[in-house]
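In our numbering, the protein residues as written are -5 to 182. Backbone N, C-alpha and C define an ideal beta-carbon position, used for all residues, glycine too. In what follows, a structure is listed as C-alpha cells, so that the remarks can point back to it.
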C-alpha cells in the first residue's frame, strides 16, 4: 500500500537556497529552466522513466508536460530550487515520492552552471529535514543515483546516506535511516 505524503508545499529555506512547491504559474519558469545553458535535458537527468507516449523528450515544454502528468499524483510533490538573494531564477528542481509505508524516494537535479558550489548538498539536506519533520512514520529516505555520477554519491555519503541493497544493487541504492542522520526541525 502506498501512503500519501504528509508534506505541505510550504517553502523550505536554507542558508543559500529557497525551495518551494511548484504552482501552475511556474510553467514558463520551468520551461526556461530546462532550456537554460542550451543543454538538452532528457528524462535521465531527473531519473524519470519515460515510456514513449508521443512526447518530444527533447522539447522542454513537452518534457515539463510529461513531468506534470506523472508528478501530480497524491504521493508525489514537485519542488523548485531558487538561489537566495538573486533574481527569481530556478537553479534546480526536486521531487519526493512515497515508495511504501516506511520509505520516501527523493530525486533532485541542479543545472550544470550551478554545480560545484554545494547547492545540491544544501538542497538535499533541506528536503530531508522537511520530509522527516512532516512524516514521522517514515524510516527511510531513499535516493537513486547514476553510477557515473560520483559527485552525487559523495553528496549522499556526506549527508549521512549509507549503501543498502536488499531490493536493488547496493552500489545504486542509498538510504538514510533515522538515528544514522540526526534530523533537525526545518524552518517554520
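Quick check: the Cα distance between residue i and residue j, rounded to an integer number of angstroms?
| i | j | result |
| --- | --- | --- |
| residue 102 | residue 131 | 23 Å |
| residue 150 | residue 78 | 23 Å |
| residue 104 | residue 87 | 7 Å |
| residue 122 | residue 71 | 13 Å |
| residue 124 | residue 5 | 9 Å |
| residue 116 | residue 152 | 11 Å |
| residue 107 | residue 11 | 15 Å |
| residue 184 | residue 155 | Limits of the chain in this structure are -5 at one end and 182 at the other, which puts residue 184 out of reach. |
| residue 31 | residue 114 | Caution is warranted here: a pLDDT of 46 is assigned to residue 31, below 50, making its placement in the model unreliable, and no coordinate value can be reported. |
| residue 73 | residue 83 | 14 Å |
| residue 148 | residue 129 | 26 Å |
| residue 90 | residue 76 | 17 Å |
| residue 97 | residue 118 | 16 Å |
| residue 109 | residue 85 | 9 Å |
Drop a sphere of 10 angstroms on the beta-carbon of residue i, count the other beta-carbons inside from all chains shown, and report buried for 16 or more, exposed for fewer.
| i | result |
| --- | --- |
| residue 92 | buried |
| residue 145 | exposed |
| residue 111 | exposed |
| residue 126 | buried |
| residue 8 | buried |
Run through DSSP, which three-state label would residue i get?
| i | result |
| --- | --- |
| residue 89 | strand |
| residue 14 | strand |
| residue 130 | coil |
| residue 144 | helix |
| residue 99 | strand |
| residue 113 | helix |
| residue 123 | helix |
| residue 151 | helix |
Measure the beta-carbon distance from residue i to residue j and round it to whole angstroms, keeping in mind my assumption that it falls under 8 Å.
| i | j | result |
| --- | --- | --- |
| residue 99 | residue 13 | Wrong, their Cβ atoms sit about 17 Å apart, outside the cutoff. |
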